[in-house]
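The sequence shown begins at 859 in this note's numbering and counts up by one. Step one of this worksheet: look at the structure below.
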Amino acid sequence: MGNKLLYALLFGLVKIHALLPFRALYIMSDILYFFTYHVFRYRRKTVAKNLSNSFPTKTPAELAALERRFYHHFTDIIVETVKLAHISKEDLLRRVEILNPDIFVDLIAQGHTCFIITFAHYGNWEWFTGLFTNLWGNGAENKLYFIYRPLSNKAFDRLFLYLRTRFSTFGIKKNSALRDIINIKRSGEPSIVGFVADQTPSKANIHYRTQFLNQDTAFFTGPERIAGKLDLPVAYGDFSSPKRGHYRVEFKLITDKPKETPEFGITEQFARLCEETIIRYPAFWLWTHKRWKHQPN
């Protein structure tokens, strides 16, 4: 099947399902959970290993319960992402509450216009792309740029790019990130650059390791390097979920003086904040990810 035909089919299926109310979508999620967890056993071994290594003091029963809670949330993310094809910005903002947007107003008063937000594969990171318009409260829309690695399948890549760019959001390919962010800063427009910074770096790009969830872990240092070169403040987006289908985001400033921060200090602080978020409620992190595939020699 050609990419254009596959995209048309995928787009049509997503659009149709996105029209369903959340109540129906969550019923679909419950059904999808049964097949993902019990029938197809999607990455069950990876999840079980990640959980047992991260929480060695938990009993087998506790780990099994946590695993099931994770898969319930995992299938919720799938239907919530589908809903991005139809949800209005007003409805999305009713479901995702930003607790402290004034953090950016204070930074603008200091003369900054471009900011880096680091966050994790936690809660629903796909809904992150719809959160940021008029954060400053002055009537001017700020822009959100997110760093992404294009998918190998062009049809799926095009579909996800569509879902992520519905709300004044723009994608930046990973390979051109520094050049593009330089241009964004030069524009002087209020802008946020989002990094999902808990990804595993490629083996050739491992520059920093630290203890994370009881394991020696390599961390992606791109946000720190870019922040240091361009003097961009860095904040962390701490997600929580008061109930199903609803999220809260609290921004925590890592630094507003990146040039004065010790080497790897930003990356280490991100690791600590990310770890705190996960430990608080572990089921909302993406445990299917092979996070520890690159171990030290």
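By construction, the Cβ of each residue, glycine as well, lies at the ideal position given by its N, Cα and C atoms. Owing to the predicted nature of the structure, the values given are computational and were not obtained by experimental measurement.
Q: Would you check if there are 3 or more beta carbon pairs closer than 8 Å linking the segment 907–918 to the segment 951–960?
A: no
Q. Taking DSSP as the reference, what is the three-state secondary structure of ALA1093?
A. strand
Q. Near PHE869, which residues of its chain fall below 7 Å by C-beta distance, leaving aside the five closest residues on each side in sequence?
A. Beyond the five residues adjoining it in sequence on each side, PHE869 comes within less than 7 Å, by CB distance, of LEU1017 in the same chain, given in chain order.
Q.
Since LYS947 and PHE1025 should fall inside the 8 Å C-beta cutoff, what is the C-beta to C-beta distance between them, to a whole number of angstroms?
A. 5 Å
Q. On the three-pair Cβ rule with 8 Å, is the segment 1071–1090 touching the segment 923–936?
A. no
Q: Compute the Euclidean distance between the alpha carbons of ALA967 and GLY1046, then round it to the nearest angstrom.
A: 14 Å
**Q.** Residue closest to GLU1108, alpha-carbon to alpha-carbon, out of CYS1132, SER1034 and THR1119
**A.** CYS1132
Q) Which word fits SER1010, buried or exposed, when buried means at least 16 other C-beta atoms lie within 10 angstroms of its C-beta? A) Burial call: exposed.
Q: Quick one: grab the DSSP three-state call for PHE1014.
A: helix
Q: Taking all protein chains shown into account, decide if LEU957 is buried (16 or more other Cβ within 10 angstroms of its Cβ) or exposed.
A: exposed
Q: Note down, one range per segment and in chain order, each alpha helix (DSSP H) of at least 4 residues found wholly within the segment 1013–1091.
A: 1035–1045 and 1080–1088
**Q.** HIS930: first and last residue of the uninterrupted alpha helix (DSSP H) it sits in
**A.** Annotation: the continuous alpha helix (DSSP H) that includes HIS930 extends over 918–941.
Q | Bridge-paired residues (DSSP) for PHE977 | A | VAL1054
Q | Inter-residue Cα distance where the pair is LYS873 and PRO1116 | A | 42 Å
(Q) Would you call the segment 882–891 in contact with the segment 934–945, where contact means no fewer than 3 C-beta pairs closer than 8 Å? (A) yes
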